[in-house]
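Let me begin by presenting the structure, written as structure tokens, before commenting on it.
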Amino acid sequence: MATRDDPVEETRMSLAEHLEELRKRLFRGVLAVAICFVGCWVYRDAIGEIVLQPLDNTVAWLDRDMVEIAEARLIEDSSIERLELFMTNDPADRRLRNPIPPVRGDAASTGFMFFLKACVYFSLFLSGPVLIWQLWQFIAAGLYRSEKKMIHIYFPFSVVLFLSGILFGYFLLVPYGQYYLASMTIEQIIFYPEISAYFTFLTSLCIALGVVFQLPIIMVGVARMGLVDPAVYAKFRGHFMVAALVIAAVLTPPDPFTQMLMGLPMILLYELGIHAARLTTRRAAKREAAAD
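According to our numbering, the sequence shown is numbered sequentially starting from 305.
Written out as structure tokens, the structure is:
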């Protein structure tokens, strides 16, 4: 029979209490998203510029390559007039006659939908720590004190890793991945940026990286629960390297450059997870030994 000090009894909740806890967490999460969305919509122009910045970087790099190709053509073929490729005859004027066109949409509502989606995703990004915290708190309502303590310890690291994954995708994987893909056929196929395709590319890769960057936390949690010994992680290091490249191939466009940009961080995160799991299990073992 459970006593007043029974930890199981202390964490036991009725169905009504679980539903009330869920309602409370959902309300707070939705409220956080709504507040962030209102603020994002007020500054939607600035947010639109932020969202398009990786694409702007890609276009700038491609324009630079096209200028170099045009200059090389003028040197190789003297019959080509400079005005055929550039805006003026001035050698210092490197403005192309046919640069990469600005980003385009395929419907009248494309602009509105772009700003709407950008504000939704941005509000989810800004309210992400609150949403994750509410999820953790809902799960923690049915956990023991020791398990709640683990959540409070790992939560900040989880948020930092998730945001790091998104920023890695935004600053590196998206612009360089697009540049690599477009530059392969820059002389044969004109690059026409399309807003919907770009936005899908940006959000899917950034979210995927945010999830992938949770790998060390998952590894440490599994090791702390005693399900896997850290030595097993090290033993299967080679297997994970192959798996990381396969996962990167599934989550990224079909080119080796983008796949390596995603696969290499996964391998580094796995190594970080191995060392973190070893450290935490050793500390836990020392505390248990001291308690005995």
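Each residue gets a CB set at the ideal place from its N, CA and C atoms; glycine is no exception.
Using the Cβ count rule (16 or more neighbours within 10 Å means buried), how would you classify residue 329?
buried
With burial defined as no fewer than 16 other Cβ atoms inside 10 Å of the residue's Cβ, what is the status of residue 383: buried or exposed?
exposed
Measure the CB-CB distance between residue 517 and residue 472 and report whether it falls below 9 Å.
yes
Residue 400 versus 412, 409, 406 and 387, residue with shortest Cα-Cα distance
387
Buried or exposed for residue 323, going by 16 or more other Cβ atoms inside 10 Å?
exposed
Is the beta carbon of residue 534 closer than 9 Å to that of residue 585?
yes
Status (buried if at least 16 other CB within 10 Å, exposed otherwise) for residue 548
buried
Residues near residue 423 by beta carbon distance below 7 Å, same chain, minus five either side
341, 344, 345, 348 and 351
Given a cut-off of 9 Å on the beta-carbon distance, is the pair residue 552 and residue 570 in contact?
yes
How big is the Cα-Cα spacing for residue 402 and residue 509?
30 Å
Alpha-carbon to alpha-carbon, residue 425 and residue 485:
25 Å
If you follow the alpha helix (DSSP H) that residue 361 is part of, which residue opens it and which one closes it?
348-380
For the 8 Å Cβ check, are there 3 or more pairs between the region 358-373 and the region 403-413?
yes
With DSSP as the reference, label residue 498 as helix, strand or coil.
strand
Measuring CA to CA, which of 442, 563 and 339 is closest to residue 325?
442
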